[in-house]
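In this note's numbering, the protein residues as written are 84 to 171.
Using N, Cα and C, we set each Cβ at its ideal position, and we do this for glycine too.
Model, not experiment: these values are computed from the prediction.
Have a look at the structure below before the remarks.
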């Protein structure tokens, strides 16, 4: 079983949020889960998961927070040589 992070309050991260809000929702929720489970939480799933729910600012915080990758809900293929950080 893989436990991933999905934010603290399930906001739409495609909107223009202050960086402090993104850090709290993404990075801090990861730390809380890790503290609670005693395990590394390596993946992030964007709430709602559609292209309009994902901003570059939020992706930047996900990457800076140490996640190994993130998922969306709109599907696709991860081809060799393409962006392997976004698990489609």
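DSSP-derived helix/strand/coil call for residue 120
helix
What does DSSP give as the partner residues of residue 109 in its beta bridges?
The partner list for residue 109 (beta bridge, DSSP) is empty, contrary to what the question assumes.
Starting from residue 128, trace the beta strand (DSSP E) in both directions and tell me its first and last residue.
126-128
Identify whether residue 137 lies in helix, strand or coil by the three-state DSSP scheme.
strand
Does the distance from the C-beta atom of residue 172 to that of residue 130 stay below 8 angstroms?
The requested residue 172 is not part of the displayed model; the chain covers only 84 to 171.
Contact check, residue 115 vs residue 148, beta carbons under 8 angstroms:
no
Check this for me: beta carbons of residue 128 and residue 108, under 8 angstroms apart or not?
No. Outside cutoff.
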